[in-house]
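Per UniProt numbering, the sequence shown starts with residue 1, numbered consecutively.
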Amino acid sequence: MGHISEAAQGTQNVDASGEGTSTQSTSAQDAYPAQQEMSTLRRARSVLAIRPFRRLWAVTYLCSVADWLAMLGLTGLVTKYTNDYLLQNFAFVGVVLTQLLPGLLFAPLGGLLADRFDRRKVMICADVARFALLFSIPIVGSPIWLFVANFLAGSAAMMWIPSKDAAVPNLLRRPDQVETANQLGLFMTYGLAVVSGAGLYSVLTGVQTTLGISPETFGEFGVANAVVFINALLYLASAILIATRIPELSLRNVHPVPASARTEPEPEPAEGAKVGFFAMVRQSFSYIRRTKLVRGLLIGMMGAFAAGGAVIGAAKPYSSSLGGGDSSFGLLFVAVFVGAAGGLAMVPKLARRLPHDRLFGVGIVLAGMALMVVALSPHLAVSLVAAAAVGGCAGAGFLTGVTIIGSQIDDAMRGRINAIYQSLLKIIIFGSTATVPLLIGLVQPRKIDVWGSELTIDGTRPVLLGGGLLAALVGIIAYRQMDSRRSEPILADLRNVIRRRPRRVNGLLIALEGTSTTDTATHAARLADALRTGERKVVLATDPALDDRRLQGLVSGAALTSARAQALAAAAVRADIVERDIRPALDAGAIVVMERFVDSPLAHLSAVAGLDASELEGLADWATARMRPDLTVLLDTDPAHSAAGGEVSGASSAAHHWRVQQLLAEMASSDPQHYVVVDADCTADEVSDRVRTAVQCALAGRVNGLGRKRGKRGAGAAEQEPAETAEEAAESAESAESAAAEPAMAASAEQRGQQNPGREAQETAS
Numbered sequence: 001m002g003h004i005s006e007a008a009q010g011t012q013n014v015d016a017s018g019e020g021t022s023t024q025s026t027s028a029q030d031a032y033p034a035q036q037e038m039s040t041l042r043r044a045r046s047v048l049a050i051r052p053f054r055r056l057w058a059v060t061y062l063c064s065v066a067d068w069l070a071m072l073g074l075t076g077l078v079t080k081y082t083n084d085y086l087l088q089n090f091a092f093v094g095v096v097l098t099q100l101l102p103g104l105l106f107a108p109l110g111g112l113l114a115d116r117f118d119r120r121k122v123m124i125c126a127d128v129a130r131f132a133l134l135f136s137i138p139i140v141g142s143p144i145w146l147f148v149a150n151f152l153a154g155s156a157a158m159m160w161i162p163s164k165d166a167a168v169p170n171l172l173r174r175p176d177q178v179e180t181a182n183q184l185g186l187f188m189t190y191g192l193a194v195v196s197g198a199g200l201y202s203v204l205t206g207v208q209t210t211l212g213i214s215p216e217t218f219g220e221f222g223v224a225n226a227v228v229f230i231n232a233l234l235y236l237a238s239a240i241l242i243a244t245r246i247p248e249l250s251l252r253n254v255h256p257v258p259a260s261a262r263t264e265p266e267p268e269p270a271e272g273a274k275v276g277f278f279a280m281v282r283q284s285f286s287y288i289r290r291t292k293l294v295r296g297l298l299i300g301m302m303g304a305f306a307a308g309g310a311v312i313g314a315a316k317p318y319s320s321s322l323g324g325g326d327s328s329f330g331l332l333f334v335a336v337f338v339g340a341a342g343g344l345a346m347v348p349k350l351a352r353r354l355p356h357d358r359l360f361g362v363g364i365v366l367a368g369m370a371l372m373v374v375a376l377s378p379h380l381a382v383s384l385v386a387a388a389a390v391g392g393c394a395g396a397g398f399l400t401g402v403t404i405i406g407s408q409i410d411d412a413m414r415g416r417i418n419a420i421y422q423s424l425l426k427i428i429i430f431g432s433t434a435t436v437p438l439l440i441g442l443v444q445p446r447k448i449d450v451w452g453s454e455l456t457i458d459g460t461r462p463v464l465l466g467g468g469l470l471a472a473l474v475g476i477i478a479y480r481q482m483d484s485r486r487s488e489p490i491l492a493d494l495r496n497v498i499r500r501r502p503r504r505v506n507g508l509l510i511a512l513e514g515t516s517t518t519d520t521a522t523h524a525a526r527l528a529d530a531l532r533t534g535e536r537k538v539v540l541a542t543d544p545a546l547d548d549r550r551l552q553g554l555v556s557g558a559a560l561t562s563a564r565a566q567a568l569a570a571a572a573v574r575a576d577i578v579e580r581d582i583r584p585a586l587d588a589g590a591i592v593v594m595e596r597f598v599d600s601p602l603a604h605l606s607a608v609a610g611l612d613a614s615e616l617e618g619l620a621d622w623a624t625a626r627m628r629p630d631l632t633v634l635l636d637t638d639p640a641h642s643a644a645g646g647e648v649s650g651a652s653s654a655a656h657h658w659r660v661q662q663l664l665a666e667m668a669s670s671d672p673q674h675y676v677v678v679d680a681d682c683t684a685d686e687v688s689d690r691v692r693t694a695v696q697c698a699l700a701g702r703v704n705g706l707g708r709k710r711g712k713r714g715a716g717a718a719e720q721e722p723a724e725t726a727e728e729a730a731e732s733a734e735s736a737e738s739a740a741a742e743p744a745m746a747a748s749a750e751q752r753g754q755q756n757p758g759r760e761a762q763e764t765a766s
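What follows is the structure in structure tokens.
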């Protein structure tokens with residue numbers, strides 16, 4: 001009896017919605033996708049290698065530099081418009097407020113424009129408007145117009161940002177690159193652009209002193225006006241680049257969310273009908289109300305932003321309560337931002353060990369707990385460590401939220417959700433920052449003795465403690481709303497985060513192997529249909545027939561005749577399927593069912609061409625990044641039947657199929673814990689029942705949610721469930737023992753020359 005086995009390396013298919021449920025993988029202990037094994041620098045390079053995104057990144061740099069330069073340049077200009085000391089002190093606050101206020105009022109409108117109109121044209125119009133408004137400020141020369149124009153330019157920015165954010169995923173090759181793209185965007189906006197903008201402002205304003213130019217040369221407003229003019233030209237350059245160099249910004253729905261992965265499909269408007277603005281607003285709130293992922297995301301960020309506003313408003317008086325002054329305030333400020341940078345950098349590594357929906361909720365809860373430590377801290381050293389932890393957890397949560405929007409939200413809704421996200425950020429931070437000083441003032445400072453040291457307890461402590469409690473509670477609510485793995489304990493995932501060699505926690509890969517492509521295709525499809533009755537999302541991998549055509553086209557087009565060249569071509573096609581389809585699905589938490597993943601093609605190629613099996617296994621390991629299926633189902637058929645079908649070109653003899661089975665049996669015997677063998681010499685319905693039973697038994701106790709959906713059975717059935725589970729576990733153990741023993745028996749019989757092409761395959765999973 002020959003046993004067809006699968007050492008297929010783990011892969012992942014695209015579930016772009018990202019709402020698929022996740023299951024723990026038990027066989028991918030040492031395997032991680034090649035993309036995920038890359039360092040941060042290599043991932044950034046791979047994303048920047050995409051020309052449209054690289055150009056958009058450059059445009060974002062120009063606009064971000066212009067934003068920071070405008071804040072500094074307009075502040076300098078308005079102080080020259082008046083000699084009133086009070087107005088001069090209000091200059092910076094006035095500029096900041098007039099830039100933030102449009103975000104409170106018009107951010108949702110920007111999302112509507114991004115979803116209704118061509119995003120590229122919206123961005124061009126916004127940049128041209130910002131250019132015209134800033135260019136007019138020195139010409140008009142009025143402080144009132146300066147604030148009005150700054151407000152209108154901020155309103156144009158609220159049109160530009162949602163369109164840019166919603167367009168980014170459509171410029172990438174794969175949905176899993178969204179996270180790296182967001183990292184690059186945040187680094188650009190809050191890192192490189194800040195330094196560039198401040199440096200450019202320093203150079204422009206210091207040119208007179210540095211070069212020894214007389215103040216009369218440029219006049220009183222000359223340098224300040226020049227700064228604003230240059231600022232305006234940066235926006236004009238951005239508009240020109242977008243109009244001429246990035247036509248891809250007009251693309252829509254490049255990585256669509258599969259209909260099967262949506263919690264509730266959006267109703268399609270009648271053909272030719274246009275959705276009005278008010279209808280789009282109603283759709284947005286209806287989508288948020290029905291979609292737990294988005295609802296939890298927004299709820300979680302509301303709590304996080306409120307806690308962030310509490311930190312901003314209480315930071316200065318809190319540093320004084322520690323017995324420090326401005327230096328303590330500066331250290332706390334640096335600690336928060338250093339921690340945030342670390343959190344942003346760690347998200348890709350954490351996401352390999354913890355699904356995004358769980359990572360988001362856990363990050364907010366931990367940020368709240370760290371903030372409570374800050375509130376109770378008796379010493380500056382403790383406060384610095386806790387403040388860095390707050391920044392790290394908050395940064396990780398923010399990036400995870402942006403990544404979820406970019407990779408798991410429908411393109412038709414992405415602009416509006418992005419706009420609501422940005423609007424909540426500004427509204428809540430603005431409101432909490434303004435409210436916190438009032439709350440602090442309600443508590444009179446008191447001094448207490450802690451371990452021989454005097455500690456001041458003022459209003460900052462209860463405010464920060466309340467902010468931490470709020471963030472932690474809201475994080476728990478968001479976690480419960482978003483968690484797609486409710487049946488899996490969170491502690492297992494948290495332990496996985498600190499493991500030195502973590503397990504893959506997202507998704508489950510089940511491979512079906514056999515000598516007959518017809519049998520494996522049929523039963524893979526039936527198994528996927530059966531598993532869809534459970535709680536987990538199921539994805540049937542790419543049609544292998546398409547891959548065969550791709551491989552034949554590659555081989556014939558390149559005129560490949562040698563066996564080694566054809567093996568390399570086959571590995572290239574398989575690697576592309578893994579990278580493009582299977583890996584993203586597993587990352588999204590889906591159960592992936594795939595036929596003939598690696599073992600069957602490998603065994604057939606070895607039998608036909610006589611290539612060394614160990615060399616082919618090494619090639620397969622490299623092509624699939626050394627990932628293996630969580631379970632391989634071996635369809636055991638009489639080789640005479642497969643030979644009669646003539647399924648392998650050039651090798652339809654029974655001897656060939658016996659050789660294939662012997663190779664697959666060796667693979668199965670090397671890893672019997674992840675293989676089950678099913679007798680496939682019977683009707684298709686009987687084989688399907690056996691495959692389904694074998695999978696459920698083999699995974700019983702290891703993976704939840706493979707059975708029927710909850711709530712479908714009555715109380716009597718529920719009472720019998722433990723006994724049934726025990727029976728299944730016992731059968732699973734017997735199946736594993738049989739699966740381990742039979743391949744070895746088959747290999748031994750082959751070596752003794754006692755092959756019997758007519759003997760029946762023994763059933764090992766019933």
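Cβ atoms here follow ideal geometry from the backbone N, Cα and C, with glycine treated the same way.
Answer yes or no: do alanine 478 and glycine 300 have a C-beta to C-beta separation smaller than 7 Å? Taking 7 Å as the Cβ cut-off, alanine 478 and glycine 300 qualify as a contacting pair.
Under the three-state reduction of DSSP, which class applies to isoleucine 409: helix, strand or coil? In this structure, isoleucine 409 counts as coil in the three-state DSSP scheme.
Taking the beta strand (DSSP E) that tyrosine 675 belongs to, which residues open and close that run? For tyrosine 675, the uninterrupted beta strand (DSSP E) segment begins and ends at 675-679.
Suppose you measure from the CA of glutamine 673 to the CA of serine 423; what does that come to, to the nearest Å? Distance between the alpha carbons of glutamine 673 and serine 423: 52 Å.
Going by DSSP, name the residue or residues bridged to aspartate 636. Note: aspartate 636 sits in a beta bridge opposite Asp679.
Identity of the residue in Leu384, Val223 and Leu72 nearest threonine 209 by Cα: Across the set Leu384, Val223 and Leu72, the C-alpha of Val223 shows the shortest separation from the C-alpha of threonine 209.
Leaving out five residues on either side along the sequence, give the residues of the same chain with a beta carbon under 6 Å from the beta carbon of residue 767. Because the chain spans 1 through 766 in this model, residue 767 falls outside it and cannot be assessed.
Using a Cβ-Cβ cutoff of less than 8 Å, which residues in the same chain neighbour leucine 442 once the five nearest sequence positions on both sides are dropped? These residues qualify, in order along the chain: Gly459.
Excluding the five sequence neighbours on either side, which residues of its own chain have a C-beta within less than 7 Å of the C-beta of valine 402, listed in chain order? For valine 402, where only same-chain residues beyond five positions count, the Cβ hits under 7 Å are Asn182.
Starting from methionine 159 and walking both ways along the alpha helix (DSSP H), at which residues does that stretch end? Unbroken alpha helix (DSSP H) run through methionine 159: 143-171.
So lysine 316 and leucine 100 are in contact, right, with Cβ under 8 Å, and what is the actual spacing, rounded? Contact doesn't hold; Cβ gap of about 19 Å is too wide.
With 16 other CB atoms within 10 Å as the buried threshold, where does aspartate 165 fall? With 16 or more Cβ atoms within 10 Å of its Cβ, aspartate 165 is classed as buried.
Starting from glutamate 220, trace the beta strand (DSSP E) in both directions and tell me its first and last residue. From DSSP, glutamate 220 is part of no beta strand (DSSP E); its letter is neither H nor E.
DSSP on arginine 414, reduced to helix/strand/coil? Here arginine 414 sits in helix by DSSP.
Can you list, in chain order, the residues of its chain whose CB lies under 6 Å from that of glycine 110, leaving out five sequence neighbours each side? Met158, Met159, Pro162 and Ala419.
Would you be able to state if there are at least three C-beta pairs under 8 Å between the stretch 225-239 and the stretch 114-131? In this structure the stretch 114-131 lies against the stretch 225-239, because at least three pairs of beta carbons, one per stretch, are closer than 8 Å.
Within 10 Å of its beta-carbon, does alanine 603 have 16 or more other beta-carbons around it, so buried, or fewer, so exposed? With 16 or more Cβ atoms within 10 Å of its Cβ, alanine 603 is classed as buried.
Kindly identify the DSSP beta-bridge partner or partners of glutamate 595. Secondary-structure assignment with DSSP links glutamate 595 through a beta bridge to Leu512.
Counting Cβ pairs closer than 8 Å, one from the stretch 319-333 and one from the stretch 354-365, do we hit at least three? These segments do not touch.
For proline 33, which residues of its own chain have a beta-carbon under 6 Å away from its beta-carbon, when the five flanking residues on both sides are left out? Residue placement at proline 33 is flagged as unreliable, the pLDDT there being 38, under the threshold of 50; the coordinate-derived value follows with that caveat. Same-chain partners within the cutoff: Arg583 and Ala625.
Which value, in whole angstroms, describes the spacing of the CA atoms of alanine 607 and glutamine 662? A straight-line Cα-Cα distance of about 10 Å links alanine 607 and glutamine 662.
Consult DSSP for alanine 34 and reduce its assignment to one of helix, strand or coil. The predicted model places alanine 34 with a pLDDT of 40, which falls under 50 and marks its position as unreliable; any figure quoted below should be read in that light. DSSP places alanine 34 in helix when its eight states are reduced to three.
Given 6 Å as the limit, tell me if leucine 469 has its C-beta closer than that to any heavy atom belonging to the ligand MG. Inclusion of the ligand MG in the displayed structure is not the case, the ligand content being empty and no account of it being possible.
Aspartate 587 vs aspartate 176 beta-carbon contact at 7 Å: A distance below 7 Å separates the beta carbons of aspartate 587 and aspartate 176.
My parser needs the beta strand (DSSP E) runs of 3 or more residues fully inside the stretch 437-477; what are they? Counting whole runs of 3 or more residues, the stretch 437-477 contains the beta strand (DSSP E) stretches 446-450 and 453-457.
Which of helix, strand or coil DSSP assigns to valine 390: Valine 390: helix per DSSP, three-state reduction.
By how many angstroms is the C-alpha of glutamate 615 removed from the C-alpha of glutamine 696? Rounded to whole angstroms, the separation of the alpha carbons of glutamate 615 and glutamine 696 is 34 Å.
Beta-carbon separation (whole angstroms), leucine 605 vs alanine 570, contact threshold 8 Å: Their Cβ separation, rounded to whole angstroms, is 7 Å, which keeps leucine 605 and alanine 570 in contact under 8 Å.
DSSP three-state label for valine 538, please. In the structure shown, valine 538 sits in a strand (DSSP, three-state: E or B).
Count the other CB atoms, across all protein chains shown, that sit within 10 Å of the CB of valine 93; report buried if there are 16 or more and exposed otherwise. The residue is exposed, with fewer than 16 neighbouring Cβ atoms inside 10 Å.
So, at 6 Å on beta carbons, what are the nonlocal neighbours of glycine 199 in its own chain, with the 5 sequence-adjacent residues on each side left out? Closer than 6 Å at the Cβ level, and outside the excluded window around glycine 199, lies no residue.
Going along the chain, which residues of its own chain have a beta-carbon closer than 8 Å to the beta-carbon of leucine 473, five neighbours each way excluded? The residues are Gly303 and Gly368.
Let me check understanding here. Comparing Cα to Cα, which of Ser196, Val573 and Gly343 lies closest to threonine 60? Looking only at Ser196, Val573 and Gly343, the smallest Cα-Cα distance to threonine 60 is reached by Ser196.
Closest by CA to alanine 149, which one among Ala572, Glu179, Val95 and Met413? Looking at Ala572, Glu179, Val95 and Met413, the one whose alpha-carbon comes closest to that of alanine 149 is Val95.
Cα separation between tryptophan 622 and aspartate 118? So the alpha carbons of these two residues sit roughly 42 Å apart.
Specify, as a first and last residue, the run of the alpha helix (DSSP H) that residue 769 falls within. Because the chain in this structure spans residues 1 to 766, residue 769 falls outside the shown range and cannot be described.
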